[in-house]
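Per UniProt numbering, the sequence shown starts with residue 1, numbered consecutively. Note that CB positions come from ideal geometry on N, CA and C, so glycine has one too. The model shown is predicted, which means the values in this text are computed figures rather than measured ones. Structure first, then comments.
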Amino acid sequence: MAIPERFSNLPDYAFPRLRKLLSGIQPGGEPMVMTIGEPRHAMPDFVASVMAEHIGEFAKYPTNEGTQGLLDAISGWLQRRYGLQVAPERIMALNGTREGLFNAALALCPEWKNGERPAVLMPNPFYQVYTVAAAAVNADPVYVPATRDTDDLPDYASLPTDLLDRTAIAYICSPANPQGAIASVDYLQELVTLAARHDFLIFSDECYSEIWRDTPPPGALAVATAMGQADRVVMFNSLSKRSNLPGLRSGFVAGSAENIAQIRKLRSFAGAPLSLPAQRISEAAWRDEAHVTASLRLYQQKFTIADRVLGNVPGYQGPAGGFFLWLPVEDGEAAAKTLWAKAGIQVLPGAYLSREVGGRNPGAGFIRVALVGPADETETALTRLKAVLYDAGE
Numbered sequence: 001m002a003i004p005e006r007f008s009n010l011p012d013y014a015f016p017r018l019r020k021l022l023s024g025i026q027p028g029g030e031p032m033v034m035t036i037g038e039p040r041h042a043m044p045d046f047v048a049s050v051m052a053e054h055i056g057e058f059a060k061y062p063t064n065e066g067t068q069g070l071l072d073a074i075s076g077w078l079q080r081r082y083g084l085q086v087a088p089e090r091i092m093a094l095n096g097t098r099e100g101l102f103n104a105a106l107a108l109c110p111e112w113k114n115g116e117r118p119a120v121l122m123p124n125p126f127y128q129v130y131t132v133a134a135a136a137v138n139a140d141p142v143y144v145p146a147t148r149d150t151d152d153l154p155d156y157a158s159l160p161t162d163l164l165d166r167t168a169i170a171y172i173c174s175p176a177n178p179q180g181a182i183a184s185v186d187y188l189q190e191l192v193t194l195a196a197r198h199d200f201l202i203f204s205d206e207c208y209s210e211i212w213r214d215t216p217p218p219g220a221l222a223v224a225t226a227m228g229q230a231d232r233v234v235m236f237n238s239l240s241k242r243s244n245l246p247g248l249r250s251g252f253v254a255g256s257a258e259n260i261a262q263i264r265k266l267r268s269f270a271g272a273p274l275s276l277p278a279q280r281i282s283e284a285a286w287r288d289e290a291h292v293t294a295s296l297r298l299y300q301q302k303f304t305i306a307d308r309v310l311g312n313v314p315g316y317q318g319p320a321g322g323f324f325l326w327l328p329v330e331d332g333e334a335a336a337k338t339l340w341a342k343a344g345i346q347v348l349p350g351a352y353l354s355r356e357v358g359g360r361n362p363g364a365g366f367i368r369v370a371l372v373g374p375a376d377e378t379e380t381a382l383t384r385l386k387a388v389l390y391d392a393g394e
């Protein structure tokens, strides 16, 4: 049986491509992996005790949409963080935000928009699940450059009116993966206005929202609510980055009652809810801010290290949020191979996070570097990276 063309035409995922690129190259030093966005700060210290207390609940089927305690905890966090009043029925627990970013498209993207095949907008570079979600709903993916020319955020308002009129969903990630750019209130207001004018939904991926340099990033749902347009935004967040719990696979989606009802309906037939012990840990994590503040300080320390080590590199921009550096190089693949061969440092070519459009891949001249390790390890790695790529030339 033939594989559907919309999936067979997708490129390989970034990390298998990287393994293939570096295959056969011996690391030129003690290996230091700075590719994957897997937090390495300490988990909250209450995780083990909550798990032990609720270990017997592995014997029970979990609640599909989230326990009442978990939904209340998320609702409380939205109130504290954004001043938002979001009732629990407007929230659903997720098995990680990637599940939600994909399944929300299945639940909410129409088969046709104004009599035409729908379009799904996404920044370029982008988190790879966005394009797979578009393929799954048989929509046209539209890759909109998010480059230094547009402050590393997509300029959706510049798109042709006929394209915007058939747009069903626009993805936005703030702080952006990989560039670390933060969408301002003004940017979000303009995007919400555009969505209302052309009748599309905004899927706001905010999983890096608690990692920032100077000021907490604004939330799209909060901005839309203040404008009386809460039904335009579906927001996603998780505990992976906020609480250093990527293996828990726990996040949430929030939006209008109607949109969340549709996503919950899909989950009841085809979803994979979190186990009850995982939901109990998640509830405790959303109620606690002390561990988040401690982790944030560590990231801010590493921002300072990166600025000190790389600040005189031409084109360097420290991230406003998130934990990636988006470093300019002549060729991302060549830089990745050189770093691995000469310094044992593994980074991700930017082209693997982008799509070529009009003969140009906006990530080709960059590498993504994850600042997830301890501060001393990060400084050692960045110093070696600078010596190989910038002091001696690529």
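Practice item. Quick one: using the 10 Å Cβ neighbour count with 16 as the cut-off for buried, is residue 18 buried or exposed? Key: buried
### Task
Output yes or no for whether 7 angstroms exceeds the beta carbon distance between residue 38 and residue 276.
no
Discussion item. Quick check on residue 362: buried or exposed, where buried means 16 or more other Cβ atoms within 10 Å of its Cβ?
Written reply: buried
### Message
So residue 139 and residue 176 are supposed to be a Cβ contact under 8 angstroms. How far apart are they, rounded?
### Response
That belief does not hold up - the Cβ atoms of residue 139 and residue 176 are roughly 22 angstroms apart, past 8 angstroms.
**Request:** Please list, in chain order, all residues of the same chain as residue 394 whose beta carbon is under 7 angstroms from its beta carbon, the five residues on each side excluded.
**Result:** With a pLDDT of 48 at residue 394, under the threshold of 50, the modelled position of that residue is not reliable, and the figure given next carries that caveat. Taken in chain order, the residues that qualify are 329, 330, 334, 335 and 338.
request  = Measuring alpha carbon to alpha carbon, tell me which of 12, 31, 23 and 270 ends up nearest residue 342.
outcome  = 31
Quiz item: Where does residue 354 land, buried or exposed, given buried means 16+ other C-beta within 10 angstroms?
Solution: buried
message: Here's the rule: buried if 16 or more other CB atoms are within 10 angstroms of the residue's CB, otherwise exposed. What is residue 13?
response: Exposed: under 16 other Cβ atoms inside 10 Å.
**OP:** May I have the straight-line CA-CA distance separating residue 194 from residue 202, to the nearest angstrom?
**Re:** 10 angstroms
Legend entry - Local conformation of residue 15 per DSSP, three classes: helix
How would you call residue 214, buried or exposed, if buried means at least 16 neighbouring beta carbons within 10 angstroms? exposed
(Q) Bridge partners for residue 346 per DSSP, in chain order? (A) Partner(s): 33.
For this session: Apply the 10 Å Cβ neighbour rule to residue 427 and answer buried if 16 or more other Cβ atoms are within range, or exposed otherwise.
Result: Here the chain covers residues 1 to 394 and nothing more, so residue 427 does not appear.
Counting only runs that start and end within the segment 225-254, where is the alpha helix (DSSP H) found for 4 or more residues in a row? Runs of the alpha helix (DSSP H) lying entirely within the segment 225-254, each at least 4 residues long, are 239-242 in chain order.
Query raised in the report: What residues in its chain sit with their C-beta under 8 angstroms from that of residue 21, if we drop five residues either side in the sequence?
Result: 333, 336, 337 and 349
**Prompt:** How big is the Cα-Cα spacing for residue 188 and residue 224?
**Reply:** So the alpha carbons of these two residues sit roughly 8 angstroms apart.
- Can you grab the Cα-Cα spacing for the pair residue 72 / residue 40, in whole Å? Rounded to the nearest angstrom, the two C-alpha atoms are 28 angstroms apart.
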